[in-house]
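The next block holds one structure in the form of structure tokens; read it before the comments.
Number of protein chains: 2
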Amino acid sequence: MKAARLNAIHSPLQLEDVPLPPMDPPHRVRVKLQAAALNHRDVWIQKGQYAAIVTPVTLGSDGCGVREDNGEPVIINPGSHWGPDERVQSLAYTILGMPDDGTLAECVSVPADRLHPKPPHLSAEEAAALPLAGLTAWRALCVRGAARPGDRVFVNGIGGGVAWFCMQFALALGCQVYVSSSSEEKLAEARAAGAHGAVNYRQPGIFKELAAHNELFDVIVDSAGGEPFAQLLFIAAPGARIVTYGGTLGKITQLSPQIIFWKQLSILGSTMGSDADFAAMLDFVNRHQIRPRIARIFPLEEAQAAMDFLAYGAQIGKVVVRIA
Amino acid sequence: MKAARLNAIHSPLQLEDVPLPPMDPPHRVRVKLQAAALNHRDVWIQKGQYAAIVTPVTLGSDGCGVREDNGEPVIINPGSHWGPDERVQSLAYTILGMPDDGTLAECVSVPADRLHPKPPHLSAEEAAALPLAGLTAWRALCVRGAARPGDRVFVNGIGGGVAWFCMQFALALGCQVYVSSSSEEKLAEARAAGAHGAVNYRQPGIFKELAAHNELFDVIVDSAGGEPFAQLLFIAAPGARIVTYGGTLGKITQLSPQIIFWKQLSILGSTMGSDADFAAMLDFVNRHQIRPRIARIFPLEEAQAAMDFLAYGAQIGKVVVRIA
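Protein chains in written order, with the numbering used here: chain A, 12 to 335; chain B, 12 to 335.
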């Protein structure tokens, strides 16, 4: 079968013929993939910015396809071995697509309990866009952030796959949703998708201005960290949950403990999600007929171009790879 | 009656004769005080480091005495108007002892629903030492920190009233408790009181050393903030709760978002506590026969000396003022 292989860090993905992966039904089954989707994790692995990288490997955590043993259309829960503690993943936790070969290939072999029925309302490309980003958004917003109908939600940095899902899920939940970006295009797209407010975080003093107009939020999700993070405290409502699932801008500085304790704020780390989180997310997506937003679809032959497109960061929504 | 009055910020407390406070039983009752206790709040008000200070006023949030209307020995819940949201106090929340006249007086008048039976196993001085610090410790450790039997608990900066209660409550809960201080005397006293571990935070690299020996903690309580706070992430177990209830060292810097999200940590602000928290704390103290630790007892005539002693910060446990 064909697979887009990473043979060493810093080398481009290469489309190669590789042996079909093993299967052992009903425990371990092979899925013939129709579509995969990329995550920043794939880019970071290629750039060597990840712990314990093993090559050669087929990257790709997200996939939609057909079970070889029974023909059922499925999507894959990319996380394995979360463990018994809903609070945190176990040391054995792994994500599909390194060290195990992932979904940028014509087939992938996974334990059968990682498979879930493909949401019927979605195309294969849309369904492939859902798993890892949808799971991460669900846990951040709904489990850690405990967003509830009527809550005011602020998604800091709209555009990426997880952030867009956070906005979609919060809107479907019945929250008042604000987003931020430095891109006016992304802000306009978010407004068009239903966001109640959209602000440019490059605008000086914007967070203090929101607070001065009593625009405060019960749940704030952020994946940047860094110096700007401290300003999120200003727009946090009393009792708010500020969830961080990334740190592209580095360390968080200048956090006021007085604001944190007086407002009884919670700053909550979140990454990926448990099997229960995945099942809840999928149920929510089906009930609310949520459609993942696809930024662009690349053929498997252009997997490296898809990676470069994601790394560039101008996309809105998920970068998908069509396989069959 | 006699009261230790603060007539203006930066002026010493003055023992004065003032009119008896009003009462309106059964709604508002007068308590003849036997003992009061001090909190840093009193010192900060005197130093002008508090919002919306009103003088002249009788300071003091903690008190134990006898109800004038029925002779029942009582302690006072110093918080009023928490409001309906257990997550956070309402804007109407106040603490006894500014703006309302407090307990550094022969009598205090409070709404009857602020009164609770004095724990029978305690002296009046011990009972007076309990309310505000015990409430703050309870919410930080058990409500926000969700400490459970068997958890490993780290109390950063042992010695003050709240920190000492955190240690006592955690020990009574059946936790493994470590404490830190820069004072070898305080560390020795904590060990003598049952702490399983006691480390000097001035020792270079101590937090990384603990982590290297896999000494990790499920609940960490801190009231300093500042630059050292970031090191608490090293000793946080996966899924840990780090509770901050103070910020004497100023802003928190250099927090790694990667550690926060990968370990799924929760950094939780906590201040005072709700009526439900107070009732739960009091029930716990009674069931476990916990005795507040008293650093020193001053007569009401020496209330200013008691304030200075607290401000100096060398004490272990609560500073109490005996009134009758």
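Virtual Cβ for every residue (Gly too), placed ideally from N, Cα, C. Only a predicted model underlies this, so the values are computations on that prediction, with no experimental measurement involved.
Could you tell me which residues DSSP pairs with N167 (chain B) in its beta bridges? B:S191, B:D233
Can you pull the chain B neighbours of F272 (chain A), defined as C-beta to C-beta under 8 Å? T255, Y256, G257, G258, G280, S281, T282
Would you say D96 (chain A) lies against chain B (beta-carbon separation less than 8 Å)? yes
Where does T147 (chain A) fall in DSSP's three states? helix
Specify, as a first and last residue, the run of the alpha helix (DSSP H) that K219 (chain A) falls within. K219 (chain A) -> alpha helix (DSSP H) spans 217-223.
What number of angstroms, rounded off, separates the C-alpha of N18 (chain A) from the C-alpha of Q57 (chain A)? The alpha-carbon atoms of N18 (chain A) and Q57 (chain A) are separated by roughly 9 Å.
From A15 (chain B) to P160 (chain A), what does the alpha carbon distance come to, in whole angstroms? 50 Å
Chain A contact residues for S267 (chain B), given Cβ-Cβ distances below 9 Å: G236, G258, G261, K262, I263
When the Cα atoms are used, what is the spatial distance from Q315 (chain B) to D73 (chain B)? 16 Å
In whole angstroms, give me the CA-to-CA distance for T282 (chain A) and P95 (chain B). 32 Å
Under three-state DSSP, which class holds A209 (chain A)? strand
Is the stretch 121-130 of chain A close to the stretch 290-298 of chain A, with three or more CB pairs under 8 Å? yes
Three or more C-beta pairs under 8 Å: does that hold for the stretch 245-254 of chain A against the stretch 220-232 of chain A? Result yes; three or more Cβ-Cβ pairs closer than 8 Å.
Three-state secondary structure assigned by DSSP to I271 (chain A): helix
Give me the residue from A:G284, A:G257, A:E83, A:I334 with the minimum Cα distance to F272 (chain B). A:G257
Could you tell me whether the stretch 19-26 of chain A touches the stretch 96-110 of chain A, using the rule of 3 or more Cβ pairs below 8 Å? No, the stretch 19-26 of chain A does not touch the stretch 96-110 of chain A.
Quick check: what's the CA-CA separation for L26 (chain A) versus L266 (chain B)? 41 Å
Quick one: what does DSSP say V42 (chain B) is sitting in, helix, strand or coil? Here V42 (chain B) carries a strand assignment [DSSP, helix/strand/coil].
For K197 (chain A), the three-state DSSP class (helix, strand or coil): In the three-state reduction of the DSSP assignment, K197 (chain A) falls in the helix class, which pools H, G and I.
Chain B contact for L276 (chain A) (CB, 8 Å cutoff): yes
Which term fits V54 (chain A), buried or exposed, when burial requires 16 or more other beta carbons within 10 angstroms of its beta carbon? Result: buried.
Under a Cβ-count criterion, where at least 16 other Cβ atoms within 10 Å of its own Cβ denotes burial, should P37 (chain A) be classed as buried or exposed? exposed
Which first and last residues belong to the beta strand (DSSP E) in which C75 (chain A) is found? 73-78
From L311 (chain A) to T147 (chain A), what does the alpha carbon distance come to, in whole angstroms? 25 Å
In chain order, what residues of the same chain lie with their CB nearer than 6 Å to the CB of F289 (chain B), ignoring the 5 residues before and after it? N88, L146
Examine chain B for any beta-carbon lying closer than 8 Å to the beta-carbon of P249 (chain A), and answer yes or no. yes
Report the residues of the stretch 98-115 of chain B with a CB closer than 9 Å to any CB of chain A, ordered along the chain. Going along the stretch 98-115 of chain B in chain order, one finds R98, V99, Q100, S101, L102 with a Cβ nearer than 9 Å to chain A.
Quick one: grab the DSSP three-state call for V173 (chain A). helix
What does a CB cutoff of less than 7 Å around R78 (chain B) pick up in its chain, not counting 5 residues either side in sequence? V40, V42, V85, L126
Can you tell me the Cβ-Cβ gap for S134 (chain A) and G168 (chain A), rounded? I've got them flagged as a contact below 8 Å. That belief does not hold up - the Cβ atoms of S134 (chain A) and G168 (chain A) are roughly 27 Å apart, past 8 Å.
By how many angstroms is the C-alpha of V68 (chain B) removed from the C-alpha of P32 (chain B)? Spanning the two alpha carbons is a distance of roughly 12 Å.
Considering just the uninterrupted stretch of the beta strand (DSSP E) at A123 (chain B), what are its terminal residues? Per DSSP, A123 (chain B) belongs to no beta strand (DSSP E) and is neither H nor E.
To the nearest angstrom, report how far apart I64 (chain B) and L70 (chain B) are at their CA atoms. 11 Å
By DSSP, does E226 (chain A) sit in helix, in strand, or in coil? coil
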